[in-house]
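Numbering (this note's numbering), first residue to last: 34 to 322.
Glycine included, C-beta positions come from ideal geometry on N, C-alpha and C.
Computed from a predicted structure; not experimentally measured.
Take a look at the structure set out below.
Right, here's the structure in full:
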């Protein structure tokens, strides 16, 4: 029961990232914070929280620097994920954004497996084709289709997070690696700031927007990832991938509850086919292996 509760709490934290992002960046006529500032605060507060967690668990003692267990490539992928995520939620509803993000994360990881020589069974192909077809329908032009630029930004965010996840597989201490990557990602905020300055893009930050960014970085990202690594050791990668199918659903419910967003028929049907197709593919692969 304790494991179930921790797993549920972790999925709520992942879904809350989408709710907090939409609430801060895209709700109302005047956003509470601009996307660049939201990304900066989220990464910085996440790095601080993860550093505290590593120090509390014995990863940094006696004032020594945080162990170097990450990489600049992973940090760049993390940075791209966070920034593209923020700019996508300028125009995407919570559930739509979470579904596109999740679909592209899974597509990236599955695509890499195919590139490495994995040969799916017919049932896996059926699940993947179903999920891909539903995703194409989700983003295709129509009255209820998402904003194409925002959808593209979220797709980029999902691909970046997929790359980050692939690079993190098999690490002996994923918590330390994540903390190190968050710290490294803060360095990429400097060129982002220069781009914002040159482009004279509007920058604003209300107290509530700042608080939401800190919550997303320190709590639902920092603490959320720490809980996830603890859960993943006990349930395994396959069940972990299936459990993550609940995150877009929870995010959609959160958008309805906190932002009064509606459930469109396109979102409901595509969610069922995307999440169902991926679930079938994951289960079929586990049986094959």
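Checklist entry - Can the beta-carbon of residue 156 be found less than 8 Å from the beta-carbon of residue 313? => result Judged by beta-carbon spacing, residue 313 lies within the 8 Å limit of residue 156, meaning their Cβ atoms are closer than that value.
Checklist entry - In chain order, what residues of the same chain lie with their CB nearer than 8 Å to the CB of residue 303, ignoring the 5 residues before and after it? => result 132, 167, 168, 170 and 171
Checklist entry - Rounded to the nearest angstrom, how far is the Cβ of residue 193 from that of residue 110, given a contact under 8 Å? => result 5 Å
Next on the checklist: Pairs of beta-carbons, one from the stretch 50-61 and one from the stretch 216-223, closer than 8 Å: are there three or more?
Outcome noted: Between the stretch 50-61 and the stretch 216-223 there are fewer than three inter-stretch CB-CB distances shorter than 8 Å, so the stretches are not counted as touching.
Checklist entry - Along the chain, which unbroken stretches of the alpha helix (DSSP H) at least 4 residues long are found entirely within the stretch 205-230? => result 207-218
Checklist entry - With contact counted as at least three CB pairs below 8 Å, one residue from each stretch, are the stretch 112-123 and the stretch 262-282 in contact? => result no
Item to check | Where residue 99 falls: helix, strand or coil (DSSP) | outcome: Reliability fails at residue 99, whose pLDDT of 49 lies under 50, so the model's placement of it is uncertain and no value is given.
Checklist entry - Over what stretch of residues does the alpha helix (DSSP H) that includes residue 127 continue unbroken? => result 127-148
Checklist entry - Counting Cβ pairs closer than 8 Å, one from the stretch 66-78 and one from the stretch 233-248, do we hit at least three? => result yes
Checklist entry - Taking the continuous alpha helix (DSSP H) assigned at residue 334, which residues delimit it? => result Any question about residue 334 goes unanswered here, given that the chain covers just 34 to 322.
Item to check | Proximity of residue 123 and residue 58 at Cβ, strictly below 8 Å | outcome: yes
Item to check | residue 179 versus 201, 36, 134 and 283, residue with shortest Cα-Cα distance | outcome: 134
Checklist entry - Taking residue 251 as the reference, which of 209, 102 and 82 has the closest Cα? => result 82
Item to check | Per DSSP, the bridge partner or partners of residue 238 | outcome: 66
Checklist entry - Which residue comes first and which comes last in the alpha helix (DSSP H) that contains residue 190? => result Taken as a continuous stretch (DSSP letters only), the alpha helix (DSSP H) holding residue 190 covers 181-201.
Next on the checklist: Using 8 Å as the threshold, is the C-beta distance between residue 56 and residue 291 below it?
Outcome noted: Closer than 8 Å, so yes.
Item to check | Closest Cα partner of residue 78 within the set 316, 256 and 307 | outcome: 256
Next on the checklist: Measuring alpha carbon to alpha carbon, tell me which residue in 240, 273, 69 and 197 is nearest residue 39.
Outcome noted: 273
Item to check | Beta-carbon proximity check, residue 41 vs residue 215, cutoff 8 Å | outcome: no
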